[in-house]
Amino acid sequence: MEHAGVTAQEARRGETLAERLAEEVPDLGVPVGDGIGDTWDTDGELLDDEVGDARAGRLVALDEGAHVVTDSDLFASDRGLDGAGASAEEAAMHVIPQSESL
Numbered sequence: 001m002e003h004a005g006v007t008a009q010e011a012r013r014g015e016t017l018a019e020r021l022a023e024e025v026p027d028l029g030v031p032v033g034d035g036i037g038d039t040w041d042t043d044g045e046l047l048d049d050e051v052g053d054a055r056a057g058r059l060v061a062l063d064e065g066a067h068v069v070t071d072s073d074l075f076a077s078d079r080g081l082d083g084a085g086a087s088a089e090e091a092a093m094h095v096i097p098q099s100e101s102l
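Just so you know, we're using UniProt numbering here: the sequence shown kicks off at 1 and counts up by one.
Here it is in structure tokens:
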């Protein structure tokens, strides 16, 4: 046995911080994913080329508050991150790069 605390005397004495740190095993790092999902250790969501990787900040429509919205399509521009924390809905918004074909 190479571990301290096996005998009753060692268990009473305890381990110093230096002894505990000497026993730590370093992390090997996150494995490279399979390129299919957004996480490496679960199925996760499939990667989608049509969805951007860059997270959006505050989204503001050009005419926000000017009139009642009657159209189902909404367009907004990114005004950057706000000083406060983002809600889950705000954090889920990502910027989709404009393609050449549009």
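Don't be surprised by glycine CBs; every beta carbon is placed ideally from N, CA and C. Just so we're clear, the structure is a prediction, and the values are computed from it rather than from any experiment.
Pick from the options that is closest to residue i, judged by C-alpha positions
i	options	result
residue 89	10, 26, 24, 56	56
residue 94	15, 70, 54	54
CA-to-CA distance, residue j to residue i, given in whole angstroms
i	j	result
residue 86	residue 68	26 Å
residue 22	residue 62	59 Å
residue 24	residue 9	23 Å
residue 59	residue 91	11 Å
residue 6	residue 97	60 Å
residue 19	residue 28	21 Å
residue 16	residue 26	19 Å
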